[in-house]
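Protein chains in written order, with this note's numbering: chain Y, -15 to 192; chain X, 475 to 1160; chain H, 700 to 1081.
Ideal Cβ placement from N, Cα and C applies to all residues, glycine included.
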């Protein structure tokens, strides 16, 4: 018996030989997501603490709930297509995989474009990080989420590209599963952000 | 047999570099992914930082030796006490812990390496890059001067907001043709610690996965050495604490460098939020620093008492309890901030009761020694020293928890005394015990016992001379972080004593370093198991081969190695398997070994790895270790370069951003495309 | 031999701790800042009572643990003639002991916890007739403003006078160095969203009277002081606040109520206008050298001219300390220089940054004759 050198990074046995029975990379991804929970938790806390600290600057009235709802819906749909992409590669249907992984990346890009557009609107209305703690916390929180989406899109592109070169094959389905975990996590965080950041202040939860 | 045939051609490396393959030579240290060599890198780097932090401590003590000290200006003093704290916490004690984690974790759980060897190398280089980045501030307008705790708004406005003495944030100076804003000292702090945090986070993920997933057959969680348990707890603490401080540091940097308002009260920001976030990280950080030492001591005491660890389960679960309660005590750093009586009561109570699991550990350690046969070697002396000295720190900690009297103690030298008893009397004593204990495993040679004992006694005396007077000074009203004090408050004598003590400690550390260096060439040959130890890292040769084991050991008991050597468990007349004899299992111990005694050398080749059929059947691998790589180094050093982008004004700042980002992304890209093991590398063994 | 050294090292520690606990381990001063020596009738008395409870417990545990360690080391150490093949009894634990040393410390802690929580709450109670004083912390000195009508808004710096036998409630705020604190209390709303400019965190501590309280910019923090014993109580900023932190001291002078009332009445008087001599030159220079842009002197004539109109106090600057009754304070510049000493005053005026680095008063590069005149004028400020 030989050590499987395909196992990404791992010097140990292949996934099914690990002590817990799940692969190292998947366990690492779960750890990373656990850490990310506290990362976003801290950012969200700062935002909630400063939700009323507008310092006479603009507030939640700048939010366009319809627009953000639409981009939220698109991001949610990208989670669905991520699931389909994973199903594709698990079934060994690389064409189906590529279609859905591209779809996921495109929807993520649309969401990101929407966020960039939204930021430019806010900036033109006089809201930026220097205006008040509210906007400092808003931009840092949503900005970091945007960076996570962007990083996810890069990984989706990389997955798509390596499936074209034959580097990524059916045996590597777990890589896509891990990528999916990350993508779903980022989506779930957005649902939380959409509720806390956009809906609550817009519904008057924050006052002004 | 060979693995090469199975490799698809598509996974061949597209690296622009020739893959580094050298396993020896100076250059190989930059590309190594071997956990043992990374552990040594951590140890050496951390010792360098430890010495730097120690020199800073000596400067502090020289300045305070007499009233109205003139050794340093106030500005220099503020930089030096800040850097002393940062250096010792983030660049000495934490990486010393990492050094032991790295070297020993795979050996103790019977693995060949950590789960992600290149990520491990990345962690090390990021840590080093962060340290160099923070210290580069000395050339760029001064080192951080707002305390390691970086309380806003002082960390926003700088120590001298009007700029009559050291300049303020609005002026700029020209360095090497580029402008760097002065008053950027705390930007080095926020960026440097963020970079260091990335290293800790990567390590935490790596260690957790390694411990949970890469244990040898039979190594159940409750058979793991306590040290491994402590690594697991510390890793979880790092995993959850680092993102909190990361966010806080980002917010601080947004305030200082990009005009945000997180902690600026003029715009409605709240400085207390910084304190909450800092200590929500900061208190678990204390346990990140001390638990590794607890683990080390829990390994050493049983070996030199020649008894199993007393209350293994209690020690493990009290460690877990400390890890949990450690998240609910952070505001005890803030009793005087004015959080109100309810919050103060709650945090006072949680702080008091965290003493219970800590006490459990102390009593169990004493229980381990009780009725044993104590061999008072250097590692044992340091371990006993930890138990004794940490107790003092723990007790002063209980007095801190008495909130109303904490209002007298906080921000005084009483607190300085407390945390030095915890972090020096605890963490440093434990780490030094570990250094003496595992040095023979890493180098194949024992450290000099005579020098070691001299080191212990010098350090024990010096440590108490330095820090015991701080109790008195604090209660007599001497505040912390003062660059000078006036004559006439009754502080002169004890300050002088403390300064003398600091130099005694320095002498002890000098003896330690001399011992480390000379024993490397001249120490007595250790053999695989010089201490008659209990855990499996002593099963393999000293130093271990790159792949650690020819055969991964099967684990059948908590003290696996001990059980192999002394198979008739639980009997009073339990006797070591005699030389050439046979134990419960045929071939368990190779012929020709004798019972090691204190300081003696054993055989140079391990008796246990040669033939171990009774345990190891079925677990045989042809070993193929991961190849060295440039990419962790490249990606790591991209981080500080990008960070200079925040420090320098445009357009130089933009160049730094671009180059740094290019290195990080390029490094990661190359990393992903590069196979963990180079196809051209030879199979390491068999 | 080794054992002896170990024992003596530990004996030293015990001794040092005991000395610290009794507060007699001093040499070279009169322990004016001793936290273990509370003034009678002060809030610090209650704090000290808790110390007297917890310290003996800590010493008891300390002695117990160190004794156990020493006994273990001596009784169970390996002796030269021991047979190494003979192992001690392999005991892996004892559940009864584990339960014992979990429960006993917890019970002991309960006995510490109850009075702790009681004191936390009792320290929060303030007498109804407490006198209110606003404390404004700046980098790096304290300003005191008497808020109650009876004290008529007296403003002083560095030395706080309090009457004995009456509780004083402090309302503490921090402002930026170059920000004038205002005479208008409305400009200091309680809570984090006020107009208060950015100061840094300070920590108000008079060890013999009370514990510490942070002064956090953007918040108003309160604490109480009181004592029944007249005397001078030294205090200092305990939180690192920048370059001037080591020199940010102050004092509390507790006087019997009659003396205190006299002092308050005198503080309400304006300064006299000087019309001739060196002091008059100094009065003029006080205007011409821009001192007036930071310092207030009640009764100071417009343009510094003896025949000028008097500038009302609330139109004067309040960036530096109010100097109207400068000579009535025993020390100045963060309580580090003697007011009585002409030498100290001259050195300060020559270069404040040398005496107290980071101070907000710049080096004005005064000529010796200007300093002579200013000193002469300041000596009139009784």
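Practice task
Check whether the Cβ atoms of residue 702(X) and residue 685(X) lie closer than 8 Å to each other.
Solution key: Contact flag set, yes.
Helix, strand or coil, according to DSSP, for residue 949(H) in the structure here? strand
query: Just curious, the alpha helix (DSSP H) that residue 21(Y) is in, first and last residue?
result: Residue range 8 to 33 is occupied by the alpha helix (DSSP H) that includes residue 21(Y).
For this session: For the alpha helix (DSSP H) containing residue 841(H), list its first residue and its last residue.
Result: Note, residue 841(H): premise wrong, no alpha helix (DSSP H); beta strand (DSSP E) at 840 to 845.
Residue 518(X) versus residue 602(X): straight-line alpha-carbon distance, rounded:
11 Å
### Task
Out of 1021(X), 1010(X), 1019(X), point me to the one whose CA is closest to residue 1030(X)'s CA.
1010(X)
Open item on the list: Buried or exposed, going by whether 16 or more other CB atoms sit within 10 Å of the CB of residue 108(Y)?
Closed with: exposed
Quiz item: Any idea if residue 825(X) is buried or exposed, counting beta-carbon neighbours within 10 angstroms, 16 or more meaning buried?
Solution: So residue 825(X) ends up on the buried side.
Practice task
Using a cut-off of 9 Å between C-beta atoms, extract the partners of residue 16(Y) located in chain X.
Solution key: 675, 679, 713
Subject >> chain Y within 8 Å of residue 742(X), Cβ atoms only >> reply: yes
Tell me whether the region 572 to 583 of chain X and the region 531 to 544 of chain X touch, counting them as touching only if at least three CB pairs, one residue from each stretch, are closer than 8 Å. no
The region 934 to 952 of chain H: which residues have C-beta closer than 7 Å to a C-beta of chain X, in chain order? Residues 935, 937, 938, 939, 940, 941, 942, 944, 945.
Using 10 angstroms around the beta-carbon of residue 696(X), count the other beta-carbons present and answer buried if the total reaches 16, otherwise exposed.
exposed
Q. Based on the DSSP secondary-structure assignment, which residues constitute the bridge partners of residue 863(X)?
A. Partner residues in a beta bridge of residue 863(X), as assigned by DSSP, do not exist.
Requested in this report: Assign residue 860(H) to one of three DSSP states: helix, strand, or coil.
Outcome: strand
Residue closest to residue 975(X), alpha-carbon to alpha-carbon, out of 515(X), 631(X), 534(X)
534(X)
* Report the residue from 840(H), 804(H), 953(H) whose alpha carbon sits nearest the alpha carbon of residue 1031(H). => Considering only alpha carbons, the answer is 840(H).
For residue 612(X) and residue 755(H), I'd like the C-alpha separation in whole angstroms. 46 Å
message = Starting from residue 921(X), trace the alpha helix (DSSP H) in both directions and tell me its first and last residue.
response = Run containing residue 921(X): none; DSSP gives neither H nor E here.
Handout entry: Cβ neighbours of residue 662(X) in the same chain (closer than 6 Å, five flanking residues each side left out)
Key = 608, 611, 618
Practice problem: Give the straight-line distance between the Cα atoms of residue 548(X) and residue 886(X), rounded to the nearest whole angstrom. | Solution: 18 Å
Check your understanding: Using a Cβ cut-off of 7 Å, which residues of the region 759 to 781 of chain H contact any Cβ in chain X, in chain order?
Key -> 760, 761, 764, 765, 767, 768, 771, 772, 775, 776, 777, 781
I'd like the list of long-range same chain contacts for residue 41(Y), defined as Cβ closer than 6 Å, with 5 residues on each side in sequence excluded. 115, 116
Next on the checklist: Which residue wins for smallest C-alpha separation from residue 997(X), given the options 973(X), 910(X), 969(X)?
Outcome noted: It is 910(X).
Worksheet item: Applying the criterion that 16 or more other CB atoms from any shown protein chain within 10 Å of the CB defines a buried residue, is residue 744(X) buried or exposed?
Response: buried
Contacts around residue 976(H), its chain only, beta-carbon distance under 8 Å, and the 5 residues preceding and following it disregarded: Around residue 976(H), the same chain offers 1075 as residues with beta carbons nearer than 8 Å, after the five sequence neighbours per side are excluded.
8 Å Cβ cutoff met for residue 993(H) and residue 1033(H): no
Local conformation of residue 1071(X) per DSSP, three classes: For residue 1071(X), the predicted model reports a pLDDT of 37, less than 50, meaning its position is unreliable; a value from the coordinates is still stated below. Coil at residue 1071(X), not helix or strand.
Query raised in the report: Does the beta carbon of residue 745(H) come closer than 8 Å to any beta carbon on chain X?
Result: yes
Q. If you check the beta carbons only, do residue 699(X) and residue 23(Y) fall under 8 Å apart?
A. no
Item to complete: Determine the closest residue to residue 951(H) out of 967(H), 926(H), 761(H), 791(H), with distance taken between C-alpha atoms.
Response: 926(H)
Please check if any C-beta of chain H sits within less than 8 Å of the C-beta of residue 841(X). yes
> Are the C-beta atoms of residue 888(X) and some chain Y residue less than 8 Å apart?
Replying inline: no
- request: Count the other C-beta atoms from every protein chain shown that fall within 10 angstroms of the C-beta of residue 915(X), then say buried if there are 16 or more, exposed otherwise.
  value: buried
Quiz prompt | Local Cβ density within 10 Å of residue 955(H), reported as buried at 16 or more and exposed below that | solution = It counts as exposed.
Sufficient close CB pairs (3 or more, under 8 Å) joining the region 807 to 825 of chain X to the region 746 to 756 of chain X: Touching, yes, given that three or more Cβ pairs across the two stretches are closer than 8 Å.
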